[in-house]
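Single-structure report; data block below.
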Amino acid sequence: MSDVVELTIPVRSDLLVLARLTAAALASRADFGIEDIEDLRLVVEELCLSVVGNETDGTIHLQYTREDGLITVGCSLSREGGSDGRTDGRADGEANAMSLRIIEALVDEYGENMVADRRQAWIRKRRSKVAS
Amino acid sequence: MSGEAGNPNTSRELWVKFAAARDPSLRDQLVTENLGLARRLAHRFTQRGQPYDDLAQVASIALIKAVDRYDPERNVKFSTFATGTIIGELKRHFRDRGWSVRAPRRIQELYLELGATIESLGHGLGRSPMVSELAKATGASEEEIVEAIEAGQGYRSASLDAPDAAGATLGDSLATEDAAITLVDERSVLEPALASLPARNRVIMRLRFIDGLSQCDIASQVGISQMHVSRLLATSLSQLREAFTADL
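Residue numbers (my numbering), protein chains in the order written: chain Y, 48 to 179; chain E, 577 to 824.
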């Protein structure tokens, strides 16, 4: 059995708190330890930043799935046609490389797939065994 | 300039050599070659009200710890291993000292209380405590615990803000820093500063930040009181901070 929570927020720094809080609340209810929850919060923000890049308009779509001891977060961006004609988003370059390095260090799995014609970046984090 | 946050030129051969011999000069080389990673991660946390120099110092000490603990035989890149270690230390630093976000007084007090509670519960449980356990220990609700963590550790969301007048975002400014200059700067500052500490202080710094011992454990190992350990750590960190402040 799994719970799915979806959240859409405009690309605004003051609203990223919602993305982090949702992750923390779900992980808390999945009995994650506090260190894992803090890591998940950082990762969700990096995930958003890696998808948004330098875009200042658009909508961030987040999908959180909670299963037994496992949280999956997918993140994608939609916009009304950017300067390069793309309607999805993904950061490129060095800033994104650093985001991916942080994500890689703090989660169990990460990757990309296509969801509703948008490129979605996703992560999976398991509850640490010692906390179970 | 390389876009890599770790140093891609650090060879696996060097890591294997260091793992076998634990040669201090190799250790110094590995630390200095990867200081750029520590510095960039410290930048990641600068939107949270702590001076960059303090964060760079915490990250640099965590890097030393990562170099000492890294096992090249495990199938993990050093940069990945070190990133986790450095972020862990930065999180702890904020838990202990960070406060920059406006929040109701109750939440501020709860956040400050959480640092000590996480530490003590963690020792007793032998693992990271859960939110429900923290709520029970502090008398707060689970929602308040989550809210306090968020309020105290807002991370770097300002980086999503619109570009400045010159059209540059915060991410641009972080990404274009010259890693070579950074490396030379920190090598010239950190090494002499560490070397200038008295031998006992160096040992205590190592036990605390590399071996991860508590002040009490260090006190019994070195044969002095915990208060004395605390004072020596404070003095040593102050000297390192002064070296950074004076030379950076």
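Beta carbons are placed, not taken as given, at the ideal position from N, Cα and C, and that holds for glycine.
Residue i at chain E interface by Cβ criterion, 8 angstroms
| i | result |
| --- | --- |
| Ala178(Y) | Summary for Ala178(Y): the model assigns pLDDT 43, below 50, so the residue's position carries little reliability; its value from the coordinates is reported in the next sentence. With 8 angstroms as the cut-off, Ala178(Y) counts as an interface residue toward chain E. |
| Val52(Y) | no |
| Ser175(Y) | yes |
| Glu156(Y) | no |
| Arg67(Y) | yes |
| Glu127(Y) | no |
| Ser123(Y) | no |
| Ile170(Y) | no |
| Ser75(Y) | yes |
| Asp78(Y) | yes |
| Glu114(Y) | no |
| Arg148(Y) | yes |
| Ile118(Y) | no |
Where residue i sits in the DSSP three-state scheme
| i | result |
| --- | --- |
| Gln626(E) | coil |
| Ile107(Y) | strand |
| Arg113(Y) | strand |
For residue i, the nearest candidate out of the options (CA to CA)
| i | options | result |
| --- | --- | --- |
| Glu818(E) | Ser772(E), Thr661(E), Ser790(E) and Ser696(E) | Ser772(E) |
| Arg171(Y) | Ser60(Y), Arg59(Y) and Ile84(Y) | Ile84(Y) |
| Ala716(E) | Ile683(E), His699(E) and Leu697(E) | Ile683(E) |
| Gly664(E) | Asp86(Y), Asp61(Y) and Lys176(Y) | Asp86(Y) |
| Val98(Y) | Ser123(Y), Arg76(Y), Thr55(Y) and Glu156(Y) | Ser123(Y) |
Residue range of the unbroken alpha helix (DSSP H) whose run includes residue i
| i | result |
| --- | --- |
| Lys172(Y) | First-last for Lys172(Y): Arg165 to Arg173, but that is the beta strand (DSSP E), not the alpha helix (DSSP H). |
| Met781(E) | Ala775 to Met781 |
| Leu65(Y) | Leu63 to Arg76 |
| Pro600(E) | Pro600 to Glu609 |
| Gly715(E) | Here Gly715(E) belongs to no alpha helix (DSSP H), and DSSP marks it neither H nor E. |
| Gly691(E) | Arg681 to Leu701 |
Delimiting residues of the beta strand (DSSP E) encompassing residue i
| i | result |
| --- | --- |
| Ser123(Y) | Leu117 to Ser125 |
| Ile56(Y) | Asp50 to Pro57 |
| Leu89(Y) | No beta strand (DSSP E) contains Leu89(Y), which is instead part of the alpha helix (DSSP H) from Ile81 to Val99. |
| Val162(Y) | Glu156 to Val162 |
Chain Y contact for residue i (CB, 8 angstroms cutoff)
| i | result |
| --- | --- |
| Leu686(E) | no |
| Ser733(E) | Low per-residue confidence applies at Ser733(E): pLDDT is 41, beneath 50, and the placement is therefore not dependable enough to give any value. |
| Ser704(E) | yes |
| Ile794(E) | no |
| Thr659(E) | yes |
| Lys667(E) | yes |
| Thr811(E) | no |
How do the stretch 650–663 of chain E and the stretch 62–72 of chain Y stand: do at least 3 beta-carbon pairs fall below 8 angstroms, yes or no?
no
Using 8 angstroms as the threshold, is the stretch 614–622 of chain E in touch with the stretch 161–171 of chain Y, meaning 3 or more CB pairs across them?
no
Any contact between the stretch 591–608 of chain E and the stretch 656–668 of chain E? By contact I mean 3 or more CB pairs, one from each, below 8 angstroms.
no
Is the stretch 629–636 of chain E in contact with the stretch 800–820 of chain E, if contact means three or more CB pairs nearer than 8 angstroms?
yes
Contact between the stretch 147–161 of chain Y and the stretch 587–598 of chain E is defined here as three or more beta-carbon pairs at a separation below 8 angstroms; is this criterion met?
Below 8 angstroms, too few C-beta pairs join the stretch 147–161 of chain Y and the stretch 587–598 of chain E to call them touching: fewer than three.
Report yes or no: do the stretch 109–116 of chain Y and the stretch 692–708 of chain E share at least 3 C-beta pairs separated by less than 8 angstroms?
Fewer than three beta-carbon pairs drawn from the stretch 109–116 of chain Y and the stretch 692–708 of chain E are found closer than 8 angstroms, and the two stretches are therefore not classed as touching.
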